[in-house]
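Visitor:
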Ligand SMILES: *Cc1c(COP(=O)(O)O)cnc(C)c1O
């Protein structure tokens, strides 16, 4: 019935997350509040891990792309579920280290890592630095030399795949700020340079073709292109890489009508392509990594708001204003992302109205959704926006000095605070 298995409706007609009444949660924690089903997150992790084990016979690893939702609790969950972690900044790396995450299972991405970030990563022994460009390659070799270390790296490659998704979240094509291009020979030059350095060990290649991708073909094509490049390197330079990181990007359900292919199907099909291509090109099977972010956490959370004002503009539209908005969920103002919204305390009633849900910021574009079906609501009702687990809290801001909301996780029907809500004094703590 809903976009996620963890959602339901109880006998009071209230929306539930893993059996927990969201209206009670709104009372207990206040609104806005982001509520995750920890059970659902862990199930998603287990499904990915068992799928990679099945399809690659244990010769692979799942890395959670922490930028989708990064906090210490999330790092601990990934550690307990036996996964690795993908980080893209010093702050994410710090969070993981502070949570006790094993650094050898951390992959450090990013198109412009600073010297300080690279030093921090090398000092703490991150598993792999995924090098994005030639400047970083040189910088990293020098840093590793100065610290007396040898650093294992992957090179980020643009495989030239055009995945059908929003322009801002496409990353595999040649016109992208990420990685080395194949077509121009830039990638091969980077390989040659990398193997000439003494404090760097090039162990493999990485690609990530975009996000919220519904088709399987672009993933199959990317795997094939990457392996063909590996075969070229083997032939030209006599080196065979051990690792292939195929990135993330698996689509999830935001709307009931969204129909992403189940990732188990993706895993199976891509594994087939990898095996067949390796055989055809006479390559050993590499250690395969995947990096799901959105598909681990996206559909596992809802955001709860309280309705403040309901403004009916005759013959124009109805604005339902809530006590959050672009500060906790900037995805609508960024990408016009679609969401299902419902009244948590009237979840059994029909969504008979068509409304625009607006945030509280001084910005006309601060909308959560336009022309959305919703139950007839009044001030004091609780609204639930579904599938807000990925790229919401992690993209939140303090615009208008609105404090970030708390994050709650429900496990075995019991809620627990994962991130405290910010206070007004937090808003001024760095002011001088
Ligand atoms: C963002 C990102 C991911 C995760 O993408 P999702 O769409 O959230 O699965 C994985 N790898 C890299 C390098 C990324 O930048």
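Numbering (our numbering), first residue to last: 402 to 833.
Quick reminder that beta carbons are idealized off the backbone N, C-alpha and C, glycines included.
1. Cβ of residue 692 within 7 Å of any heavy atom in ligand 1?
2. If I measure Cβ to Cβ from residue 608 and keep anything under 6 Å in the same chain, skipping five residues before and after, which residues do I get?
3. Using 8 Å for Cβ pairs, my map puts residue 804 next to residue 823. What's the rounded Cβ distance?
4. Relative to the C-alpha of residue 727, which candidate in 442, 806, 636 and 468 has its C-alpha closest?
5. Ordered along the chain, which non-local residues of its own chain (more than five positions away) have a Cβ less than 6 Å from that of residue 766?
6. Alpha carbon to alpha carbon, what distance is there between residue 761 and residue 769?
7. Using CA atoms only, rank isn't needed, just tell me which of 501, 543 and 684 is closest to residue 478.
8. For residue 718, report the span of its beta strand (DSSP E) as first-last.
9. Applying the 10 Å Cβ sphere with the 16-neighbour rule, what's the burial state of residue 619?
10. Does DSSP put residue 699 in a helix, a strand or coil?
11. Secondary structure at residue 613, three-state DSSP: helix, strand or coil?
12. Ordered along the chain, which non-local residues of its own chain (more than five positions away) have a Cβ less than 8 Å from that of residue 751?
13. Just to confirm, are residue 602 and residue 543 a CB contact at a threshold of 8 Å?
14. In chain order, what are the residue ranges of uninterrupted beta strand (DSSP E) at least 3 long that sit wholly in the stretch 414-441?
15. Suppose you measure from the CA of residue 604 to the CA of residue 642; what does that come to, to the nearest Å?
16. Distance check for residue 419 and residue 663, CA to CA, integer angstroms please.
17. Tell me which residues share the same chain as residue 584 and place their Cβ nearer than 8 Å to its Cβ, disregarding the 5 neighbours each side in the sequence.
18. Enumerate, from N- to C-terminal direction, the unbroken beta strand (DSSP E) stretches of 3 or more residues contained entirely within the stretch 539-568.
19. Would residue 617 and residue 667 be called neighbours here (beta carbons separated by less than 8 Å)?
20. Return helix, strand or coil for residue 655, following the three-state DSSP convention.
21. Nearer than 7 Å: is that true of the beta carbon of residue 612 relative to any heavy atom of ligand 1?
22. Looking at ligand 1, does it come within less than 7 Å of residue 553, judged from the CB to the closest heavy atom?
23. According to DSSP, residue 774 sits in a beta bridge with which residue or residues?
24. Is any heavy atom in ligand 1 found nearer than 7 Å to the beta carbon of residue 487?
25. Does residue 671 come out as helix, strand or coil in the three-state DSSP assignment?
26. Can the beta-carbon of residue 483 be found closer than 8 Å to that of residue 436?
27. Considering only the beta carbon of each residue, do residue 540 and residue 519 sit closer than 8 Å?
Guide: Taking the structure as given:
1. At least one heavy atom of ligand 1 is nearer than 7 Å to the Cβ of residue 692, so yes.
2. Answer for residue 608: 558, 560, 623, 627 and 648, listed in chain order.
3. At roughly 3 Å, the Cβ-Cβ gap stays under 8 Å, so residue 804 and residue 823 are in contact.
4. Nearest C-alpha to residue 727: 806.
5. 734.
6. Computed Cα separation, rounded: 10 Å.
7. Nearest C-alpha to residue 478: 501.
8. That run of the beta strand (DSSP E) goes 718-723.
9. So residue 619 counts as buried.
10. Residue 699: helix per DSSP, three-state reduction.
11. Secondary structure of residue 613 (DSSP, three-state): coil.
12. Hits under 8 Å: 776.
13. For residue 602 and residue 543, no; Cβs fall outside 8 Å.
14. Annotation: the stretch 414-441 contains the following complete segments of the beta strand (DSSP E) (minimum length 3 residues), in chain order: 416-418 and 434-438.
15. Just so you know, the alpha carbons of residue 604 and residue 642 end up roughly 5 Å apart.
16. If I take the Cα positions, the gap works out to 21 Å.
17. Counting only Cβ-Cβ distances below 8 Å, and skipping sequence neighbours, we find 561 and 575.
18. Here the runs fully enclosed are 552-559.
19. In this structure, residue 617 sits near residue 667, with a CB-CB distance shorter than 8 Å.
20. Coil.
21. Correct: residue 612 has its Cβ closer than 7 Å to ligand 1.
22. No, ligand 1 has no heavy atom inside 7 Å of this Cβ.
23. Checking the DSSP bridge columns, you'll see residue 774 partnered with 755.
24. At least one heavy atom of ligand 1 is nearer than 7 Å to the Cβ of residue 487, so yes.
25. Residue state for residue 671 is assigned as helix, using DSSP reduced to three classes.
26. Going by C-beta atoms, residue 483 is not nearer than 8 Å to residue 436.
27. Their beta carbons are under 8 Å apart, which means residue 540 touches residue 519 by this criterion.
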